[in-house]
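Trainee: The listed protein sequences correspond, in order, to chains B and Z.
Going by this note's numbering, 104 is the number at position 104 of the first sequence; the sequence numbering is gapless.
Going by this note's numbering, 58 is the number at position 58 of the second sequence; the sequence numbering is gapless.
Below you will find the structure I want to go over with you.
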Amino acid sequence: MQAGLAYPNSFIVIGVMPMHARWWGRLMQDAGQRGGVSELRSPTDSIGAHHVALIRRVADSSDRSAFADLYTYYAPRLKTYLRRLGSSEAAAEELVQEVMLQVWRKAALFDPTRAAVTTWIFTIARNKRIDALRRERRPEIEAGDPPPAVYDAPLAERALELAYDSERLQDALKTLPESQATVISMSFLEDKTHSMIADELDIPLGTVKSRLRLAFRRLRHVFGDFA
Amino acid sequence: MNPRHHPASDWLLALGAGTLDEAQATVVAAHAEWCPACRVKVDCAEAIGGAMLASLPPTAMSVGAFDRFLQCMAATDNLREQGSAPSLNGFAHSGLPLSLAKFVPQGIDVLPWKHLAPGVRGVRLPIHSRRGIQLCLFEADPGAVFGSHTHGGSEMSLVLRGAYHVNGLRFGPGDSEDSEPGSRHMAVADPEEGCLCVAFIEGVNRPDGFLARLLQPFTGL
């Protein structure tokens, strides 16, 4: 939480989440059924729900202390993500700022029935990075919004799974066999195409693809029957 | 009707991860716009990305980064968006999937189509690829034959309108055909409808994919 050092003290205020939205009640009910989540600011297993509450406060009341909490958590992780994908120190920081600015501006568009906060922020960062790479090659093209995600409004039940299971997915990632974890990590965190992975690991392309498919199927099981 | 031929899941995973080239991403995303089952997989791939982001060790931002952020935020605060997310589903007015429509803002009729083979026309869309992968549209009259060649690089085609038949299989709207290097190919446009397709073509060093060869006159591969 190194970035917290830069905060003005006044931003470090813990607010209370108003319980007004229907989806929020459902999320909390869902959390309760999973056990162990009885209040908003409980520890690790409710980070996802806590972040949804923070986004809501940013959206509803431009709550800067809520945003500061999100920044503290996500900015340093986004920086790691972008550095691993090859951005320079300066470029990574610049992109992190752009991503977090998007989070601030678009908080009202975040839909907790579609994705976890961390997933939403991941997609913003992914798109910003792709956009920056394309701009380098085509300076004449104005940087627009990233391409829209391809999903439409999903079934609420499935969405709750998606939104709520980021922690379970994080656990599942840790249990992947080494060979599968490696190709997944190279895909997401090193910007390697499947052929590049095959070359680097000196294994056939078909093996890379089958390992990715196996890992993907295994991880999708976290979402139960929905995926 | 939902598509029956889907990209292999590693393509959907790569779309979610953001590692596909623009041409590849366009074709795979266009299929996903048609296909609820594949959209779910892309959602899952993005959720995996989210879980990985949350699992990463933090790297300290430079001193004063948040203060600089606040200044920038204050300067642009009139740009905040209100309201709910726009629907991301549906097709552009042109009838093309949104991920493709942005490359043909004026519709496909005004594109500089070129004759490729009897009854077959094609056009390369203006994207620049990091890895030399091209995005092309091609259109075949009813019954036109695309040819039979050995594939060089990987290719994927997606039917936008009409259908074509290959090895006894019918590929209709929304269906994608993923052709690995080295596969054999013989495609015939539907005898009644013909077809309109989009494809990405990986040139590599052997431009002998069936689409690559078909489209060679203007891809320059």
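For every residue, glycine included, the Cβ atom is placed at its ideal position computed from N, Cα and C.
Just so we're clear, the structure is a prediction, and the values are computed from it rather than from any experiment.
The alpha helix (DSSP H) spanning glutamine 97 (chain B) covers which residue range?
Mentor: Locating residue 97 (chain B) in the first sequence gives position 97, where the first residue counts as 1. Glutamine 97 (chain B) -> alpha helix (DSSP H) spans 89-106.
Trainee: Can you give me the start and stop residues for the alpha helix (DSSP H) that arginine 83 (chain B) sits inside?
Mentor: The count along the first sequence starts at 1 and reaches residue 83 (chain B) at position 83. Segment 64-84, the alpha helix (DSSP H) holding arginine 83 (chain B).
Trainee: Taking buried to mean at least 16 other C-beta atoms within 10 Å of its own C-beta, is histidine 221 (chain B) buried or exposed?
Mentor: Translated into positions along the first sequence, residue 221 (chain B) becomes position 221. By the neighbour-count rule (16 or more Cβ atoms within 10 Å), histidine 221 (chain B) is not buried but exposed.
Trainee: Hey, leucine 26 (chain Z) and serine 129 (chain Z) are a contact pair by Cβ (cut 8 Å); roughly how many whole angstroms apart?
Mentor: Translated into positions along the second sequence, residue 26 (chain Z) becomes position 26. Translated into positions along the second sequence, residue 129 (chain Z) becomes position 129. Per the sequence shown, residue 26 (chain Z) should be read as threonine rather than leucine. The Cβ separation is near 11 Å, so there is no contact.
Trainee: With distances taken Cα to Cα, identify the nearest neighbour of alanine 17 (chain Z) among B:Asp69, B:Leu85, B:Tyr73 and B:Gly206.
Mentor: Position 17 of the second sequence, counted from the first residue, corresponds to residue 17 (chain Z). For alanine 17 (chain Z), the nearest C-alpha among the options comes from B:Leu85.
Trainee: If contact is defined by three or more beta carbon pairs under 8 Å, each pair taking one atom from either stretch, is the stretch 53-63 of chain Z in contact with the stretch 63-78 of chain B?
Mentor: Contact between the stretch 63-78 of chain B and the stretch 53-63 of chain Z is present, because at least three Cβ pairs lie under 8 Å.
Trainee: Determine which residues of the stretch 122-139 of chain B have a Cβ less than 8 Å from any Cβ of chain Z, and write them out in chain order.
Mentor: Residues Phe122, Thr123, Ala125, Arg126, Asn127, Arg129, Ile130, Leu133, Arg134, Arg137 and Arg138.
Trainee: Which same chain residues end up closer than 7 Å to serine 195 (chain B) when comparing Cβ atoms and leaving out the 5 residues on each side of it in sequence?
Mentor: Walking along the first sequence from the start, residue 195 (chain B) turns up at place 195. Closer than 7 Å at the Cβ level, and outside the excluded window around serine 195 (chain B), lie Leu205.
Trainee: Tell me the residue span of the alpha helix (DSSP H) that contains glycine 48 (chain B).
Mentor: As a first step, residue 48 (chain B) is located in the first sequence; it is residue number 48 there, counting from the start. First-last of the alpha helix (DSSP H) with glycine 48 (chain B): 47-61.
Trainee: Among B:Ala108, B:Ala91, B:Ser87 and B:Ser46, which has the Cα closest to the Cα of phenylalanine 67 (chain B)?
Mentor: Here residue 67 (chain B) refers to the residue found at position 67 of the first sequence. Nearest C-alpha to phenylalanine 67 (chain B): B:Ala108.
Trainee: With respect to the beta strand (DSSP E) encompassing methionine 1 (chain Z), which residues constitute its N-terminal and C-terminal limits?
Mentor: Translated into the one-based positions of the second sequence, residue 1 (chain Z) becomes position 1. Premise fails: methionine 1 (chain Z) is in no beta strand (DSSP E) and is neither H nor E.
Trainee: What residues from chain B crowd round glycine 174 (chain Z), counting only those whose CB sits closer than 8 Å?
Mentor: Here the question's residue 174 (chain Z) lines up with position 174 in the second sequence. Correct list: empty, because the minimum Cβ distance to chain B is about 13 Å.
Trainee: For the stretch 3-21 of chain Z against the stretch 33-40 of chain Z, do three or more pairs of beta-carbon atoms, one drawn from each stretch, fall closer than 8 Å, so that the two count as touching?
Mentor: Yes: the two stretches touch, three or more of their Cβ pairs being nearer than 8 Å.
Trainee: Given a cut-off of 8 Å, decide if alanine 90 (chain B) and arginine 83 (chain B) are closer than it, judged by their beta-carbon atoms.
Mentor: Working through the first sequence from its first residue, we reach residue 83 (chain B) at position 83. Working through the first sequence from its first residue, we reach residue 90 (chain B) at position 90. No, these two residues do not count as a Cβ contact at 8 Å.
Trainee: Just reading off the alpha helix (DSSP H) that glutamate 167 (chain B) is part of, what are its end residues?
Mentor: Within the first sequence, numbered from 1, the residue matching residue 167 (chain B) stands at position 167. Residues 166-174.
Trainee: For a quick check, are the C-beta atoms of proline 142 (chain Z) and proline 191 (chain Z) less than 8 Å apart?
Mentor: As a working mapping, residue 142 (chain Z) is identified with position 142 in the second sequence. As a working mapping, residue 191 (chain Z) is identified with position 191 in the second sequence. Yes, the pair counts as a contact, with Cβ atoms nearer than the cut-off.
Trainee: Beta-carbon of threonine 80 (chain B) versus every beta-carbon of chain Z: anything under 8 Å?
Mentor: The residue you call residue 80 (chain B) lines up with position 80 of the first sequence. Interface residue, yes.
Trainee: Give every residue of the same chain whose Cβ lies closer than 8 Å to the Cβ of leucine 95 (chain B), excluding the five residues on either side of it in the sequence, and list them in chain order.
Mentor: Your numbering for residue 95 (chain B) matches position 95 in the first sequence. For leucine 95 (chain B), where only same-chain residues beyond five positions count, the Cβ hits under 8 Å are Leu78, Leu82, Ser87, Ala125, Lys128, Arg129 and Ala132.
Trainee: Could you tell me which chain B residues have their CB closer than 8 Å to the CB of methionine 156 (chain Z), listed as they occur along the chain?
Mentor: Walking along the second sequence from the start, residue 156 (chain Z) turns up at place 156. Near methionine 156 (chain Z) there are no residues of chain B at all, since even the closest Cβ is about 13 Å away, more than 8 Å.
Trainee: Glutamate 155 (chain Z) and alanine 117 (chain Z) - do their beta-carbons sit closer together than 8 Å?
Mentor: Position 117 of the second sequence, counted from the start, is the residue given in the question as residue 117 (chain Z). Position 155 of the second sequence, counted from the start, is the residue given in the question as residue 155 (chain Z). Result no, Cβ atoms of alanine 117 (chain Z) and glutamate 155 (chain Z) do not sit closer than 8 Å.
Trainee: Could you tell me which residues DSSP pairs with serine 176 (chain Z) in its beta bridges?
Mentor: Here residue 176 (chain Z) refers to the residue found at position 176 when the second sequence is read from its first residue. DSSP lists Z:Leu158 as partners of serine 176 (chain Z).
Trainee: Please determine, among Z:Glu202, Z:Glu22, Z:Ala29 and Z:Ala47, the residue with the shortest C-alpha to C-alpha distance to arginine 114 (chain B).
Mentor: Walking along the first sequence from the start, residue 114 (chain B) turns up at place 114. Per the Cα distances, Z:Ala47.
Trainee: Threonine 182 (chain B) and glycine 50 (chain Z): beta carbons closer than 8 Å?
Mentor: Counting from one through the first sequence, the residue named residue 182 (chain B) turns up at place 182. Counting from one through the second sequence, the residue named residue 50 (chain Z) turns up at place 50. Result no, Cβ atoms of threonine 182 (chain B) and glycine 50 (chain Z) do not sit closer than 8 Å.
Trainee: Just to confirm, is the Cβ distance from leucine 15 (chain Z) to alanine 45 (chain Z) under 8 Å?
Mentor: On the second sequence, residue 15 (chain Z) is found 15 positions in, with the first residue counted as 1. On the second sequence, residue 45 (chain Z) is found 45 positions in, with the first residue counted as 1. Yes; because the gap between Cβ atoms is below 8 Å, this pair is in contact.
Trainee: Strictly under 8 Å for the Cβ-Cβ distance: is isoleucine 48 (chain Z) near chain A by that measure?
Mentor: Considering every chain present, this structure includes no chain A. Its protein chains are B and Z.
Trainee: List the residues of chain B that alanine 17 (chain Z) touches, going by C-beta distances under 8 Å, in chain order.
Mentor: Taking the first residue of the second sequence as position 1, residue 17 (chain Z) is located at position 17. Within 8 Å Cβ-Cβ: Arg126, Ser187 and Phe188.
Trainee: Can you name the start and end residues of the alpha helix (DSSP H) that alanine 37 (chain Z) belongs to?
Mentor: Taking the first residue of the second sequence as position 1, residue 37 (chain Z) is located at position 37. Unbroken alpha helix (DSSP H) run through alanine 37 (chain Z): 36-55.
Trainee: Can you tell me whether aspartate 67 (chain Z) is buried or exposed? The criterion is at least 16 other CB atoms within 10 Å of its CB, across all chains shown.
Mentor: The residue you call residue 67 (chain Z) lines up with position 67 of the second sequence. With fewer than 16 Cβ atoms within 10 Å of its Cβ, aspartate 67 (chain Z) is classed as exposed.
Trainee: When you compare the CB positions of valine 28 (chain Z) and proline 7 (chain Z), do they come within less than 8 Å of one another, or not?
Mentor: As a position in the second sequence, residue 28 (chain Z) is number 28, starting the count at 1. As a position in the second sequence, residue 7 (chain Z) is number 7, starting the count at 1. A contact, by the Cβ cut-off of 8 Å.
Trainee: Taking Cβ positions, are methionine 186 (chain Z) and valine 166 (chain Z) nearer each other than 8 Å?
Mentor: Here residue 186 (chain Z) refers to the residue found at position 186 when the second sequence is read from its first residue. Here residue 166 (chain Z) refers to the residue found at position 166 when the second sequence is read from its first residue. Yes, Cβ-Cβ distance for methionine 186 (chain Z) and valine 166 (chain Z) is below 8 Å.
Trainee: Does chain B have any CB closer than 8 Å to the CB of leucine 100 (chain Z)?
Mentor: Taking the first residue of the second sequence as position 1, residue 100 (chain Z) is located at position 100. Answer no: the Cβ-Cβ gap between leucine 100 (chain Z) and chain B never drops below 8 Å.
Trainee: Return no unless some Cβ of chain Z is closer than 8 Å to the Cβ of glutamate 93 (chain B).
Mentor: Counting from 1 along the first sequence, the entry for residue 93 (chain B) is found at position 93. Judged by the 8 Å Cβ criterion, glutamate 93 (chain B) is in contact with chain Z.
Trainee: Any beta carbon of chain B sitting closer than 8 Å to that of methionine 1 (chain Z)?
Mentor: Here residue 1 (chain Z) refers to the residue found at position 1 of the second sequence. It does not: the Cβ of methionine 1 (chain Z) has no partner Cβ on chain B nearer than 8 Å.
Trainee: Would DSSP call glycine 168 (chain Z) helix, strand or coil?
Mentor: Along the second sequence, one-based indexing puts residue 168 (chain Z) at 168. Coil at glycine 168 (chain Z), not helix or strand.
Trainee: Using only alpha-carbon positions, find the residue among Z:Arg161, Z:Leu169, Z:Pro112 and Z:Ala74 that is nearest to alanine 30 (chain Z).
Mentor: Taking the first residue of the second sequence as 1, we reach residue 30 (chain Z) at position 30. Taking only the C-alpha atoms, the option nearest alanine 30 (chain Z) is Z:Arg161.
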